[in-house]
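The structure appears below as structure tokens.
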Amino acid sequence: MIMPAKTEVARHLRYYRAWERLTLAHPADRAIRMRFEDSAYTLCVLMGECQARTAADAAEQYLRHGTVRPARPGPVNAPL
Numbered sequence: 010m011i012m013p014a015k016t017e018v019a020r021h022l023r024y025y026r027a028w029e030r031l032t033l034a035h036p037a038d039r040a041i042r043m044r045f046e047d048s049a050y051t052l053c054v055l056m057g058e059c060q061a062r063t064a065a066d067a068a069e070q071y072l073r074h075g076t077v078r079p080a081r082p083g084p085v086n087a088p089l
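Numbering (my numbering), first residue to last: 10 to 89.
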């Protein structure tokens with residue numbers, strides 16, 4: 010898997026964490042919620058994960074150690 014630049018991962022992880030804090034502080038604000046969801050989606054795409062929390066964990070590991078855990082195993086003979 011080709012990994013993004015660490016500077017990009019760090020930037021998007023900061024955005025995700027900032028919007029997460031704002032969402033928790035203002036749960037009824039739809040605009041904040043939408044920005045949080047956008048930042049979560051971007052982080053998921055960057056890290057190749059399906060869930061935002063997993064993507065954030067993978068981003069932190071990547072920034073800390075320069076590696077990510079292996080992709081989740083899938084079916085060997087999956088149809089294309």
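Positions of the beta carbon are idealized from the N, C-alpha and C atoms, including for glycine.
Starting from residue i and walking both ways along the alpha helix (DSSP H), at which residues does that stretch end?
i: residue 76; result: Where residue 76 is concerned, there is no enclosing alpha helix (DSSP H), given that its DSSP letter is neither H nor E.
i: residue 58; result: Careful: residue 58 lies outside any alpha helix (DSSP H) and carries neither H nor E.
i: residue 34; result: 15–34
Taking 9 Å as the threshold (C-beta atoms), are residue j and residue i in contact?
i: residue 61; j: residue 55; result: no
i: residue 42; j: residue 36; result: yes
Quick test of your reading: residue i and residue j, contact by CB under 8 Å. State the CB separation rounded to the nearest angstrom.
i: residue 52; j: residue 21; result: 5 Å
Among the options, which residue has its Cα nearest to the Cα of residue i?
i: residue 26; options: 71, 76 and 49; result: 49
i: residue 32; options: 19, 46 and 17; result: 46
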